[in-house]
Amino acid sequence: AQSVTQPDIHITVSEGASLELRCNYSYGATPYLFWYVQSPGQGLQLLLKYFSGDTLVQGIKGFEAEFKRSQSSFNLRKPSVHWSDAAEYFCAVGAPSSASKIIFGSGTRLSIRP
Amino acid sequence: GAGVSQSPSNKVTEKGKDVELRCDPISGHTALYWYRQSLGQGLEFLIYFQGNSAPDKSGLPSDRFSAERTGGSVSTLTIQRTQQEDSAVYLCASSLDSSSYEQYFGPGTRLTVT
Numbered sequence: 033a034q035s036v037t038q039p040d041i042h043i044t045v046s047e048g049a050s051l052e053l054r055c056n057y058s059y060g061a062t063p064y065l066f067w068y069v070q071s072p073g074q075g076l077q078l079l080l081k082y083f084s085g086d087t088l089v090q091g092i093k094g095f096e097a098e099f100k101r102s103q104s105s106f107n108l109r110k111p112s113v114h115w116s117d118a119a120e121y122f123c124a125v126g127a128p129s130s131a132s133k134i135i136f137g138s139g140t141r142l143s144i145r146p
Numbered sequence: 030g031a032g033v034s035q036s037p038s039n040k041v042t043e044k045g046k047d048v049e050l051r052c053d054p055i056s057g058h059t060a061l062y063w064y065r066q067s068l069g070q071g072l073e074f075l076i077y078f079q080g081n082s083a084p085d086k087s088g089l090p091s092d093r094f095s096a097e098r099t100g101g102s103v104s105t106l107t108i109q110r111t112q113q114e115d116s117a118v119y120l121c122a123s124s125l126d127s128s129s130y131e132q133y134f135g136p137g138t139r140l141t142v143t
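Protein sequence lines correspond, in order, to chains A and B.
Per this note's numbering: the first sequence ends with 146, consecutive numbering throughout.
Per this note's numbering: the second sequence ends with 143, consecutive numbering throughout.
Rendered as structure tokens:
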């Protein structure tokens, strides 16, 4: 069974600074990987996904993530954060054989320092 | 187009009462998911519907929880004899089909059991 770990519960970065949110997964084969964002009072929105191919994936709102098989990681990055990026970010892992088995991490709350 | 909608947005109930939570998926989406998000926690998978197939109920925490999906569209999550530990945000998501994996989330129903 797959699992996902987000080691950082809460991160604060200054506006304009770069961001990296960590995600580690456990799965016996190449999983499907996702990052979702949950803004205050909003539903979860898909930022980006990785199924196969190029290990660096681009998403919406200027985010990108890199799949590193050797490290079982799928970290989310953004070169310069904006105050509107303050939100909860969830990494998720899915098994290619089953759409129902998408496991979400516990989330990382991002705060932006003015 | 319209996204996933959920009702009510907030529900306060007394311990021991039954509650029904409703989800209207995006039109044409055949897959529907229910999750529970407790304070400071990630998303806990509850149940998955795909078309006319038997639902995957493997995430339901107890037999007090049940869900149905009528006509392949609207879904209702029912919690009987609510307990305080049932207090959480209940999220519904839909996706185009079982191979899509990209889930579109509703805003959630915040359930408080007093």
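All residues carry an ideal CB built from backbone N, CA and C; glycine is no exception.
Note that this is a predicted model, so its numbers are computed, not measured.
Host beta strand (DSSP E) of residue i (start-end)
| i | result |
| --- | --- |
| Asn-39(B) | 39-42 |
| Gln-70(A) | 64-70 |
| Leu-76(A) | 76-82 |
| Leu-51(A) | 51-53 |
| Leu-125(B) | Premise fails: Leu-125(B) is in no beta strand (DSSP E) and is neither H nor E. |
| Ser-138(A) | First-last for Ser-138(A): undefined, no H or E at that position. |
| Ser-104(B) | 104-108 |
DSSP bridge partner residues for residue i (one or two, in chain order)
| i | result |
| --- | --- |
| Lys-46(B) | Lys-46(B) is not bridged to any residue. |
| Val-142(B) | Thr-42(B) |
| Ser-58(A) | Ser-35(A) |
| Gln-35(B) | Cys-52(B) |
| Ile-144(A) | Val-45(A) |
| Ser-130(A) | Ala-127(A) |
| Tyr-133(B) | Ser-123(B) |
Alpha carbon of residue i to alpha carbon of residue j, nearest angstrom
| i | j | result |
| --- | --- | --- |
| Gly-137(A) | Val-142(B) | 25 angstroms |
| Phe-95(A) | Leu-108(A) | 7 angstroms |
| Lys-44(B) | Leu-140(B) | 11 angstroms |
| Asp-85(B) | Thr-62(A) | 23 angstroms |
| Phe-106(A) | Tyr-77(B) | 25 angstroms |
| Phe-83(A) | Tyr-64(A) | 5 angstroms |
| Ala-127(A) | Phe-99(A) | 15 angstroms |
| Leu-53(A) | Ser-35(A) | 17 angstroms |
| Leu-79(A) | Gln-79(B) | 24 angstroms |
| Leu-89(B) | Ser-95(B) | 7 angstroms |
| Pro-111(A) | Thr-107(B) | 44 angstroms |
| Pro-37(B) | Gln-66(B) | 16 angstroms |
| Asn-81(B) | Lys-133(A) | 18 angstroms |
| Ile-55(B) | Val-113(A) | 31 angstroms |
| Ala-83(B) | Gly-101(B) | 12 angstroms |
| Gly-32(B) | Gln-112(B) | 30 angstroms |
| Arg-51(B) | Gly-71(B) | 21 angstroms |
| Trp-63(B) | Phe-74(B) | 6 angstroms |
| Leu-68(B) | Gly-85(A) | 36 angstroms |
| Cys-55(A) | Ser-102(A) | 13 angstroms |
| Glu-49(B) | Ser-87(B) | 20 angstroms |
| Ser-104(B) | Gly-91(A) | 30 angstroms |
Under 8 angstroms between C-beta atoms of residue i and residue j
| i | j | result |
| --- | --- | --- |
| Phe-134(B) | Ala-117(B) | no |
| Thr-140(A) | Gln-74(A) | no |
| Ile-125(A) | Tyr-68(A) | The question names Ile, but residue 125(A) is Val in the sequence shown. Not in contact: Val-125(A) and Tyr-68(A) (Cβ atoms no closer than 8 angstroms). |
| Glu-131(B) | Lys-81(A) | yes |
| Arg-93(B) | Leu-61(B) | no |
| Ile-41(A) | Leu-142(A) | no |
| Gln-77(A) | Glu-120(A) | no |
| Arg-110(B) | Asp-53(B) | no |
| His-58(B) | Leu-120(B) | no |
| Ile-144(A) | Val-45(A) | yes |
Min CB distance residue i to chain E below 8 angstroms
| i | result |
| --- | --- |
| Gln-74(A) | Looking at the structure shown, chain E is missing, and the protein chains on hand are A and B. |
To test your reading of the DSSP string, which unbroken beta strand (DSSP E) runs of 3 or more residues are found completely within the segment 54-101 of chain B? Here the runs fully enclosed are 60-66, 72-79 and 94-98.
Enumerated in chain order, which unbroken segments of the beta strand (DSSP E) with a length of 3 residues or greater are wholly contained in the segment 86-125 of chain A? Listed in chain order, the complete beta strand (DSSP E) runs (minimum 3 residues) inside the segment 86-125 of chain A are 88-90, 96-100 and 105-110.
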